[in-house]
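Visitor: Chains as they are written, first to last, in the working numbering: chain A, 1275 to 1512; chain B, 2 to 305.
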Amino acid sequence: MMLTVEGLVAAYGRIEALKGVDLTVAEGEIVALIGANGAGKTTLLMSLCGRPRAKAGRIRLLDDDIAHLPTFAIVRKGVAIAPEGRRIFPRLSVLENLRLGAVTADPAYFDSDLKRVLGLFPRLKERLDQRGGTLSGGEQQMLAIGRALMARPRLLLLDEPSLGLAPLVVRQIFDIIAAIRAEQKVTVFLVEQNAHHALRLADRGYVMVNGRITLSGSGAELLANPEIRAAYLDGGHG
Amino acid sequence: MAYFLQQLVNGVALGAIYGLIAIGYTMVYGIIGMINFAHGEIFMIGAFLSLIALLLIAALGISNVPLALALTLLFAMAFAALYGWTVERLAYRPLRGSQRLAPLISAIGMSIVLQNTVQLLQGARVKPLQPVITGGLVLMEGDGFVVRLSYLQIIIMLLTLALMIGFTWLIHNTTLGRAQRATEQDMTMAALVGIDVDRTISATFVMGAALAAVAGLMVTLYYGVVDFYIGFHAGVKAFTAAVLGGIGSLPGAMLGGLLIGLIEAFWSGYFTIEYKDVAAFAILILVLIFRPTGLLGRPEIEKV
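1. For LYS128(B), which beta-bridge partners are listed by DSSP?
2. Taking 8 Å as the cut-off, does the segment 1445 to 1460 of chain A touch the segment 1281 to 1289 of chain A (at least 3 CB pairs, one atom from each stretch)?
3. Using CA atoms only, rank isn't needed, just tell me which of GLY258(B), LEU285(B) and LEU121(B) is closest to GLY25(B).
4. Excluding five sequence neighbours on each side, which residues of the same chain lie with their C-beta closer than 6 Å to the C-beta of THR184(B)?
5. What are the start and end residues of the alpha helix (DSSP H) that includes THR1378(A)?
6. Spatial neighbours of LEU74(B) within its chain, please: C-beta separation below 7 Å, excluding the five flanking residues on both sides.
7. Can you name the residues of chain A whose CB is closer than 7 Å to the CB of ALA192(B)?
8. Less than 8 Å between the beta carbons of ALA1356(A) and ILE1419(A), yes or no?
9. Note the first and the last residue of the continuous alpha helix (DSSP H) segment covering VAL119(B).
10. Is the segment 1364 to 1379 of chain A close to the segment 1398 to 1409 of chain A, with three or more CB pairs under 8 Å?
11. Taking 8 Å as the threshold (beta carbon to beta carbon), is LEU297(B) in contact with chain A?
12. What does the Cβ neighbour count give for ASP187(B), buried or exposed, with the cut at 16 atoms within 10 Å?
13. Got a sec? Which residues, its chain only, sit under 7 Å from LEU96(B) by beta carbon, not counting five neighbours each side?
14. Let me know the secondary structure DSSP gives ASP1403(A) once reduced to three states.
15. Does the Cβ of MET141(B) have 16 or more other Cβ atoms within 10 Å, making it buried, or fewer, making it exposed?
16. With distance defined between alpha-carbon atoms, name the residue in ILE1447(A), ARG1373(A), GLY1314(A) and LEU1307(A) nearest to PHE1395(A).
17. What does the alpha-carbon distance come out to for the pair THR1278(A) and ARG1332(A)?
18. If the criterion is Cβ atoms closer than 8 Å, does the pair LYS1293(A) and MET1482(A) meet it?
19. Given ALA1452(A), which residues of its chain have a CB within under 8 Å of its CB, disregarding the five upstream and five downstream residues?
20. By the criterion of Cβ-Cβ separation under 9 Å, what are the contact partners of ALA183(B) in chain A?
21. For ARG149(B), tell me which candidate among PRO293(B), ALA266(B) and GLN8(B) has the shortest Cα-Cα distance.
22. Which residues in the same chain as ASP1523(A) place their Cβ atom closer than 6 Å to its Cβ, once the five residues preceding and following it in sequence are excluded?
23. Beta-carbon separation of LEU296(B) and THR161(B) under 8 Å?
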């Protein structure tokens, strides 16, 4: 297993956002986590990176227990994240943002990785010297994913890659995620409110409600599940 | 005209020293958003370290002045850097993530501790130093007034210029500099790309302290006297310079330092020396009324 989470509990102050989460992601898989706003999806992704730190439970990356490691050390083990809100460094250029993505990677690969990321996102190529803060929302999302890819991650975490984007761009981003997995054998764990797209793309999915996993199955199974259709696909909680 | 030129020379030399100290304030503020009130003390310790090194080197019988100065510079920078690192490690890092006021109070405490330590170890009396670098150039003579540019002033200006260029280059072109700017803009995201944020912050303190030590050496040579209280005064001035230039901005710290130095020199030259601080602070107040972010500071809106 690329990622094994057992009984994960995490909290912001006294508010317990994760109440014992179990899930696994196999090597090379795309796994989607869906759920309503406030269910704890973002907290789960972030706590995999140590922010907030797990209060209980285990997080294993391949064979290493990473739950107690500081964030930068977890990232150095091969986890990269395109987090909620994209968090582009606003006053650094696009190129510098990508360079920072590669902080943990072997510098020997920098040129070829840069070329590949710019191949995936040609829009970024035109904006290399522009400050990150001046990009449009869609471009920032591309940069956030590109920055994460520059780390040559084993496990790529994507938080709402479709949020706030035009439908055409969403489709583009999901196509690219599929392409990344196919070409680079990266394992992808993504969180989405856009359940339809996410489940079509993913091999497997988990549904999160109030800090707990309530359902899991293959992408197709979950798509066909009437409960899910009612809650997340046909309007519902959106 | 000659008199004016002389004040200009004096002001630029003084401003260079303030600018070097101001960089430490502005960088630390930029990266962790706190005013390191102990920074003035690090400068004072740098001055004492320079004095000790100069006396040691003289005792060892090294009489080659450039060599002696280079050794002193290295000695003072290295030990001041160690002080800077230790202060951050002991007084600020344990408080990271607590409310904003806590490290500020800790900084004031650290400042008092350092000041009193030096007072106890070195005594409260002013320590004199024989002039090490003497002589200079006569720039012009007019109205019975001679404009002098001392060799020491030339060294101060050139060394400051070199350090500022080198430093700016480092911030913009090295991995460490990029990590510092990333940490400054988004500490969480910096950790999420794999930057060791604690180490980056330590490096910032070390760099600021090393520059303050250079300023300490310059002041020791320039004024020929050192005492345990100089850190407070220079600290307040350099902090003012950093705010005037726009706190968080590196070029701002340099510009602010230069301006404060010039204001002081001209005010002392044309009005009364007793009120030179009033002049400096009055200008600061005026600038902050019309540009709350300082001369080169960026507006808060840009912060994401």
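A virtual CB, placed ideally from N, CA and C, is assigned to each residue, including glycine.
Guide: According to the data block:
1. VAL227(B)
2. no
3. GLY258(B)
4. ILE32, ALA191, VAL198 and THR201
5. That residue, THR1378(A), is in no alpha helix (DSSP H); it is neither H nor E in DSSP.
6. VAL215 and LEU218
7. THR1345 and PHE1346
8. yes
9. 102 to 123
10. yes
11. no
12. buried
13. ALA103, PRO104 and SER107
14. coil
15. exposed
16. ILE1447(A)
17. 8 Å
18. no
19. ILE1304 and LEU1475
20. PHE1363, LEU1366, GLU1370, ASN1371, LEU1374 and VAL1377
21. GLN8(B)
22. Not covered by the structure: residue 1523(A). The range shown for chain A is 1275 to 1512.
23. no
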